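Chemist: Starting off with a structure, shown below.
Protein chains: 2
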Amino acid sequence: MNISADTVPDKHDAKDMGLKSASSRNLYLALIHYPVVNKKGETIASAVTNLDLHDIARAARTYAVSSFYVVTPLEDQQLLVKKLILHWTEGGGGRYNPARRDALETVRIADSIEKVQADIRKERKKEPRMIVTSAKAYSGSLSFPAFRRILQDDRPCLLVFGTAWGISSDFISAADHILEPVKGNSDYNHLSVRSAVSVILDRLLGDREIV
Amino acid sequence: MNISADTVPDKHDAKDMGLKSASSRNLYLALIHYPVVNKKGETIASAVTNLDLHDIARAARTYAVSSFYVVTPLEDQQLLVKKLILHWTEGGGGRYNPARRDALETVRIADSIEKVQADIRKERKKEPRMIVTSAKAYSGSLSFPAFRRILQDDRPCLLVFGTAWGISSDFISAADHILEPVKGNSDYNHLSVRSAVSVILDRLLGDREIV
């Protein structure tokens, strides 16, 4: 078969593109390392996983979300994340791989979700809606179509992902919405957080028309 | 808000579920470590990344694909993958985390794509179609809706993902189809292979009706 690479014709009209851009601009991601639960259900602060930052930053950049916050109260972990970002944005990493630099530039560090909310409030002059994710189904959860609709409002949305065994229940109950879980084609619901972020961004902001 | 977990009502009729099961059963994944290219475009054999196996196995299990082949001609790398699988399927890992055992049970090891094709041919008594993935757009590529349709035929499909800087062009030109690239909401096309697999499985087999 023909394998010459070529440019893909743009299948969208200007109105579609405008709505999609507004949706991307309204979306902020947070990956929290506290308060999350361990296997026994106890609240802990988890360690930052290098590849979470890379994979989620690359997905965030692909779907053009406003920012990706890495949230941890642990100072040594914050320092680690800072070093990693600097290596890829201003150090040797960025010269070696400029695409990775572009991705890591979307990452911000915060020590609590309140700091993230304050940051978004300052930037957008509006209170962000907080939507949490879970692998479990909850009654009254926000559906993907409903989430796509509220993303088109002129208000920022902070979408929160947990690490370890998931976000603590107190944190979940304080959110404005719980997003319905990603259902694949089985009852198995143990995607990695890297996979879950990617699928959810595609469902919210991906090129639906050609899918 | 109410945070009691409950069961999600099944929104699909039997016919839909039958088609989805057939599609999942027809899909086989391969992650190849040779022949792939490095940054300079030279053909190399890449090293296996631990987290690729975990993340892709978990996604493969979520979307109920038939098998996930890890393809490398390097014997030390094959041994490494075997040890990792045994730890999670028969060793301490599986007892600690049975969900991870379920995922890793979908992984098979092969030293070449020809061996993968032979394995599927033996299992299904049919020649598998080979579809390759790329972050680049090619003329005449297979669209996602077209791929979903051929997955409903009674013939296995082998979907191939590359590591490092992607699959070599000779390998690509030998395939039956090249899948159109995942487009997000920007011109950035540098998803990790772990993210790309997850998004593509969701586009092919995910719960579209509620999206």
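Line by line, the protein sequences are chains A and B.
Here the first sequence stands for residues 3 to 213, where the numbers follow the working numbering.
Here the second sequence stands for residues 3 to 213, where the numbers follow the working numbering.
In this text, a Cβ means the ideal position worked out from N, Cα and C, and glycines have one as well.
Since the model is a prediction, treat every value here as computed from it, not as a measurement.
1) For the candidate residues A:Leu206, A:Ile169, A:Glu182, whose alpha-carbon lies nearest to that of Gly186 (chain B)?
2) Does the region 174-182 of chain B come within contact of the region 126-143 of chain B, defined as at least 3 CB pairs closer than 8 Å?
3) Can you give me the Cβ contacts of Pro183 (chain B) inside the same chain, cut-off strictly under 7 Å, excluding the 5 residues immediately before and after it?
4) Taking buried to mean at least 16 other C-beta atoms within 10 Å of its own C-beta, is Arg196 (chain A) buried or exposed?
5) Take Ser200 (chain A) and list the residues in its own chain whose beta-carbon comes closer than 7 Å to its own, dropping the five residues that flank it on each side.
6) What residue does the alpha helix (DSSP H) around Val118 (chain A) start on, and which one ends it?
7) Leaving out the 5 sequence neighbours to the left and right, which residues in its chain are closer than 7 Å to Leu76 (chain B) when beta-carbon positions are compared?
8) Counting only the same chain and skipping the five closest in sequence on each side, list residues whose C-beta sits under 6 Å from that of Asp113 (chain A).
9) Going by DSSP in three states, Ser25 (chain A) sits in which element: helix, strand or coil?
10) Mapping the DSSP letters down to three states, classify Ser69 (chain A) as helix, strand or coil.
11) Out of curiosity, what's the CA-to-CA distance linking Gly142 (chain A) and Arg150 (chain B)?
12) Taking only beta carbons into account, state which residues of the region 25-55 of chain A come closer than 7 Å to chain B, listed in chain order.
13) Is the beta carbon of Pro158 (chain B) sitting closer than 8 Å to the one on Lys117 (chain B)?
14) What does a CB cutoff of less than 7 Å around Gln109 (chain A) pick up in its chain, not counting 5 residues either side in sequence?
15) Could you name the residues that DSSP lists as bridge partners for Gly164 (chain A)?
16) At 9 Å on the CB atoms, spell out the chain B contacts of His89 (chain A), in chain order.
17) Going by other Cβ atoms of all chains shown within 10 Å of its Cβ, with 16 needed for buried, is Tyr98 (chain B) buried or exposed?
18) Helix, strand or coil for Leu206 (chain B) per DSSP?
19) Could you give the first and the last residue of the continuous beta strand (DSSP E) run that contains Val109 (chain B)?
20) Relative to the alpha-carbon of Val67 (chain A), which residue among A:Leu31, A:Phe173, A:Met19 has its alpha-carbon at the smallest distance?
21) Taking the alpha-carbon positions, what's the Ser171 (chain B) to Asp57 (chain A) distance?
22) Check whether the Cβ atoms of Thr64 (chain B) and Ser188 (chain A) sit closer than 8 Å, and answer yes or no.
23) Please classify Lys124 (chain B) as buried or exposed, where buried requires at least 16 other C-beta atoms within 10 Å of its C-beta.
24) Grab the span of the beta strand (DSSP E) containing Ile133 (chain B) for me, first residue to last.
25) Hey, which unbroken runs of the alpha helix (DSSP H) at 4 residues or more fall wholly within the region 171-202 of chain A?
26) Would the beta-carbon of Gly168 (chain A) fall within 8 Å of that of Val39 (chain A)?
27) Check distances from the C-beta atoms of the region 57-75 of chain B to those of chain A and list, in chain order, the residues that come in under 9 Å.
28) Counting only beta-carbon atoms, is Asp155 (chain A) nearer than 8 Å to chain B?
29) Determine the extent of the alpha helix (DSSP H) in which Lys138 (chain B) is found, giving its start and end residues.
Modeler: Per the coordinate set shown:
1) A:Leu206
2) yes
3) Ser136, Ala137, Lys138, Ala139, Asn191
4) buried
5) Ala61
6) 115-126
7) Ala47
8) Pro75
9) helix
10) strand
11) 31 Å
12) Ser26, Leu53
13) no
14) The sequence given here has Val at residue 109 (chain A), not Gln. Correct list, in chain order: Leu55, Ala59, Phe70, Val72, Ile87.
15) A:Ile34
16) The contacting residues do not exist; His89 (chain A) stays about 17 Å from chain B at best.
17) exposed
18) helix
19) 109-112
20) A:Leu31
21) 25 Å
22) yes
23) exposed
24) 131-134
25) 171-175
26) yes
27) Asp57, Ile58, Arg60, Ala61, Arg63, Thr64, Tyr65, Ala66, Val67
28) no
29) Segment: none, Lys138 (chain B) is in no alpha helix (DSSP H) and carries neither H nor E.
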